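Heads up: the sequence shown begins at 2 in this note's numbering, then just goes up one per residue. Using N, Cα and C, we set each Cβ at its ideal position, and we do this for glycine too. This one's a predicted model, so the numbers in the text were calculated from it and none came from an experiment. Everything below concerns the one structure shown next.
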Amino acid sequence: MITRARGRAASPRHAPGASRALRRPRVRFASRGGFDYKMAVRNARLASNSPRSGMSATLVARIVETALMVATILLLVWVAVPGVAPWRIAGSSAWRTLRSGRRALYLAACLSILFANYAYLHLGMDQRLTASVVAARGHDYTADVHALEGDAVACLQRGLACPPCTWFLGFVYVVVFPCIVFVMLFVFDHLRYRRGLAMLLIGYLANYLLVLPFYLWLPVREVFHYYRHDVGNGAVRLLLDDIHPAVMQAYRAMSGLDNCLPSFHTSLAVTMALLTWHLGNARFAALITVFAAANVLSTLYLGIHWVTDVAAGLAVGLIAYGLAWAFSKRWQSEPAAPAA
Numbered sequence: 002m003i004t005r006a007r008g009r010a011a012s013p014r015h016a017p018g019a020s021r022a023l024r025r026p027r028v029r030f031a032s033r034g035g036f037d038y039k040m041a042v043r044n045a046r047l048a049s050n051s052p053r054s055g056m057s058a059t060l061v062a063r064i065v066e067t068a069l070m071v072a073t074i075l076l077l078v079w080v081a082v083p084g085v086a087p088w089r090i091a092g093s094s095a096w097r098t099l100r101s102g103r104r105a106l107y108l109a110a111c112l113s114i115l116f117a118n119y120a121y122l123h124l125g126m127d128q129r130l131t132a133s134v135v136a137a138r139g140h141d142y143t144a145d146v147h148a149l150e151g152d153a154v155a156c157l158q159r160g161l162a163c164p165p166c167t168w169f170l171g172f173v174y175v176v177v178f179p180c181i182v183f184v185m186l187f188v189f190d191h192l193r194y195r196r197g198l199a200m201l202l203i204g205y206l207a208n209y210l211l212v213l214p215f216y217l218w219l220p221v222r223e224v225f226h227y228y229r230h231d232v233g234n235g236a237v238r239l240l241l242d243d244i245h246p247a248v249m250q251a252y253r254a255m256s257g258l259d260n261c262l263p264s265f266h267t268s269l270a271v272t273m274a275l276l277t278w279h280l281g282n283a284r285f286a287a288l289i290t291v292f293a294a295a296n297v298l299s300t301l302y303l304g305i306h307w308v309t310d311v312a313a314g315l316a317v318g319l320i321a322y323g324l325a326w327a328f329s330k331r332w333q334s335e336p337a338a339p340a341a
C-alpha cells in the first residue's frame, strides 16, 4: 500500500519497503566489442540509505587528497631548493608567468595536454575512435598481451599484497606522480634553467604524442578488468578500491579503461627522473628517481598495467628524453643549472 503525504502519492523509491537497488544510483556502461569499456566507479560504501552522508564522505576524501597534494608539492620543492621557502618559489613562478606572455603560452601548452586528455575521455572520443579496431578483430589486444606474459602481474600482486603496500603505492600513483609533474616546472623555472625547462616541456609533449596512437589503434584493457570479465576470477584486483571510492573516481577521471599499452605513468616517470639529474641536486634527483621506480611498481601492484605496458613505457620514456635533448639544443650555449 502506498501512503500519501501532503496530498501526493509517495514515490515507490522512498517507500518503506523500497529495495536497495531502487535507492542505489544508476551506473552507465559503455559497451564495445562485448566488453564494458568504461569502468564504473564502485561506490558501494557510499551508496547507503543516506546519499547525503555518502556525498559528505566523498567530499572529505577529496579535501584530504587535495591537502596531501599541496603538502607533497611544498615538500618536494623544499628538497629541490632547500634555501628558499617553497611557497615563495611557487608564487614567484606564477607571478612571472602572468607577466610574460611567452611563459604563459608555454605553460598553457603543457596544461593543454591534461585538458585534451580529459576531453578525450569524457567526450567519448576514445570509444568512437577505437570501436573500428575492435569491430574489425572482434576483440581487443588484451588477450594477446596476456598470452605473451602469462600471470606475471597476478603473481606479483599475490606476493606483495598488504594494506601498507596498497596505501603507500596508491599514494605514489594518485598523489605523488601528478605532483612531480608540477614541481619540475616550478624548480626549473625558479633556477632560470631555460634549456632544462624546454627539455621538460618537450618531454611532456613527446610522451603524450608517442603513446596516443597506441591508445587509439591498439586498445589493451587494464589487468584487473581482463581477469574479472574474461578469465572470470579475481586473481588480479584493482587495489585502489581498497583505499576509498573517491580515490578511484579521481583516477578514472583521467585514465581510460583501455589506455594501457604503453604505460604513460612509466614513460613520463622515466623522462622526469632523467631530467632531474640536470639540476645538479643529487639529493632531489635521487628522491625523484626512487619515486619514479615506486610509481612503475605501483602500476603493476595495483592491478592496472601489464608487464608489457611497463616495458613499452620504459622505451617511450627514453625516446622522449632523447627527443627533448635533441630539440632543446638551441639553448646549448647556456650554462648548466646551478647546484641547489
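The region 309-324 and the region 157-176 do not touch, with fewer than three beta-carbon pairs separated by less than 8 Å.
Distance from the CA atom of Ile320 to the CA atom of Pro263, rounded to whole angstroms, is 13 Å. Look at the beta carbons and you see the region 321-331 touching the region 198-213: at least three pairs across the two are nearer than 8 Å. In chain order, Phe265, Ser268, Leu269, Thr272, Val317, Gly318 and Ala321 place their CB closer than 8 Å to the CB of Asn208, counting only its own chain and leaving out the 5 sequence neighbours on each side. Under the DSSP assignment, Glu150 falls in the alpha helix (DSSP H) whose first and last residues are Thr143 to Glu150.
Shortest Cα-Cα distance from Phe189 to any of Gly171, Leu219, Ser94 and Ile289 involves Ser94. If you draw a straight line from the Cα of Ile90 to the Cα of Asn234, it is about 49 Å long. Beyond the five residues adjoining it in sequence on each side, Thr143 comes within less than 6 Å, by CB distance, of Val221, Arg222 and Tyr227 in the same chain, given in chain order. Taken through DSSP and simplified to helix, strand or coil, Val221 comes out as strand. Here DSSP, grouped into helix, strand and coil, assigns Asn234 to coil. Where Val177 is concerned, there is no enclosing alpha helix (DSSP H), because DSSP gives it neither an H nor an E. In the three-state reduction of the DSSP assignment, Asn282 falls in the coil class, being assigned neither a helical nor a strand state. In this structure, the CA atom of Val297 is about 26 Å from the CA atom of Val82. By the C-beta criterion, the region 272-284 is judged not to be in contact with the region 59-66, since fewer than 3 inter-stretch pairs fall below 8 Å. Just so you know, the alpha carbons of Asp242 and Phe116 end up roughly 25 Å apart. In this structure, Leu276 is the residue among Ala286, Ala294, Trp96 and Leu276 with its C-alpha nearest to the C-alpha of Gly204. Excluding five sequence positions before and after Cys261, the CB atoms of its chain that fall closer than 7 Å to its own CB belong to Val221, Arg222, Glu223, His306, Trp307 and Asp310, given in chain order. For Asp152, the closest of Val237, Val85, Ala137 and His191 by C-alpha to C-alpha distance is Val237.
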